[in-house]
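A short worksheet on the structure shown next.
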Amino acid sequence: MAMPESETSYRQSHQGRGLDYHDHFTRNPRRRMMWKIEQRILDRVLDQVHDEQADEIAYLDFACGTGRVLAFVSARTDTATGVDISGSMLEVAATSAPKAELISADITLGNSPLTGRTFDLITAFRFFPNAEESLRTEAISALAACLKPGGRLILNNHRSRSSLRQRLVRLLTLGRRGHSGMSHQEVTRLVTAAGLEIEQIAHAGVVPEHEWLLLRPRFVVEWFERLATQLPLSPLAENLIYTCRRPVAETVRQAA
44 MAMPESETSY
54 RQSHQGRGLD
64 YHDHFTRNPR
74 RRMMWKIEQR
84 ILDRVLDQVH
94 DEQADEIAYL
104 DFACGTGRVL
114 AFVSARTDTA
124 TGVDISGSML
134 EVAATSAPKA
144 ELISADITLG
154 NSPLTGRTFD
164 LITAFRFFPN
174 AEESLRTEAI
184 SALAACLKPG
194 GRLILNNHRS
204 RSSLRQRLVR
214 LLTLGRRGHS
224 GMSHQEVTRL
234 VTAAGLEIEQ
244 IAHAGVVPEH
254 EWLLLRPRFV
264 VEWFERLATQ
274 LPLSPLAENL
284 IYTCRRPVAE
294 TVRQAA
């Protein structure tokens, strides 16, 4: 849940959560469908990384939570590190991604355990649109500093404000709701301020449904969602997956 600056920081939002959150991505039909689409997108980026890089691939999953993304991506990288500040989430990650190095730390603060370490690939899923603006800036700055020249950061905005679902919410509530998450312009500014370039954008979640209020029949919804990923419908999609890259010949600027 996105929270105003005056409320509890997103840093504290997942303390005490773990297996219940992890299982939600297999139990809930919409989250399960979205995760399958995200896996195909991740595989395409990994194919590109492997085609371009002969050396070992060092991978970091930021805000790794229960290790869902970490476990999937680490199967195709040489080393894998997951970092999160929720001990209960990391306990689940130790089981779901047993070969990964797990670090309990807030790398946006001083004395980060990742200082001096760099990675070829970093993922950050379900973090940025939930975090407050100041935390987004601190996080993207820390991640940019961890990227090797030419390295890639894959992040998602699973609460895109331009999505058909958010538009309908604003319409039905006369503008009182439907403003959470991030716009494409906000993501672009955030990434650019950190000295990174957006290489490609994939999308998922065009059908305007809520995960607790599902449309049926499911096989029709899921067929259409798979088709929609191949069509130019990103402005209407709820989940935008950005592949960003650190320029090879430039020094990453710290986000202001």
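For the sequence shown, position 10 matches number 53 in our numbering, and the numbering has no gaps at all. Positions of the beta carbon are idealized from the N, C-alpha and C atoms, including for glycine.
Residue i, DSSP secondary structure in three states
{"i": "E50", "result": "Confidence at E50 is low in this model, with a pLDDT of 45, below 50, so the placement of that residue is unreliable and no value is reported for it."}
{"i": "P192", "result": "strand"}
{"i": "A292", "result": "coil"}
{"i": "T167", "result": "At residue 167 the sequence reads Ala, which differs from the Thr that was named. Residue state, collapsed to three classes: strand."}
{"i": "T138", "result": "helix"}
{"i": "T180", "result": "helix"}
{"i": "L283", "result": "strand"}
{"i": "S131", "result": "helix"}
Cβ-based burial, residue i [other Cβ within 10 Å; buried from 16]
{"i": "Q209", "result": "buried"}
{"i": "T124", "result": "buried"}
{"i": "F171", "result": "buried"}
{"i": "A137", "result": "exposed"}
{"i": "D98", "result": "exposed"}
{"i": "N154", "result": "exposed"}
{"i": "G218", "result": "exposed"}
{"i": "R289", "result": "buried"}
{"i": "T166", "result": "buried"}
Distance between beta carbons of residue j and residue i, contact taken as under 8 Å
{"i": "R230", "j": "L279", "result": "Residue 230 is actually Val in this sequence, not Arg. With a Cβ gap of about 16 Å, V230 and L279 do not count as contacting."}
{"i": "G159", "j": "A140", "result": "Actually they are not in contact, since the Cβ atoms of G159 and A140 sit about 23 Å apart, beyond 8 Å."}
{"i": "S205", "j": "H246", "result": "Not really, about 11 Å apart at Cβ, beyond 8 Å."}
Residue i beta carbon near the ligand PLP (any heavy atom closer than 7 Å)
{"i": "L62", "result": "Among the components modelled here there is no ligand, and therefore nothing to report on the ligand PLP."}
CB of residue i within 8 Å of CB of residue j, strictly
{"i": "H227", "j": "L283", "result": "yes"}
{"i": "R195", "j": "C287", "result": "yes"}
{"i": "I25", "j": "L233", "result": "The first residue shown for the chain is 44 and the last is 299, placing residue 25 beyond what the model contains."}
{"i": "N199", "j": "M225", "result": "no"}
{"i": "A174", "j": "Y53", "result": "yes"}
{"i": "L150", "j": "V112", "result": "A quick correction: the sequence has Ile, not Leu, at residue 150. Taking 8 Å as the Cβ cut-off, I150 and V112 do not qualify as a contacting pair."}
{"i": "I80", "j": "T216", "result": "no"}
(Q) Which complete beta strand (DSSP E) runs does the region 213-277 hold, if anything under 3 residues is left out? (A) 240-247
Q.
Please give the ranges of any alpha helix (DSSP H) in the region 47-124, keeping only runs that are unbroken, at least 4 residues long and fully inside the region.
A. 62-70, 72-95, 111-117
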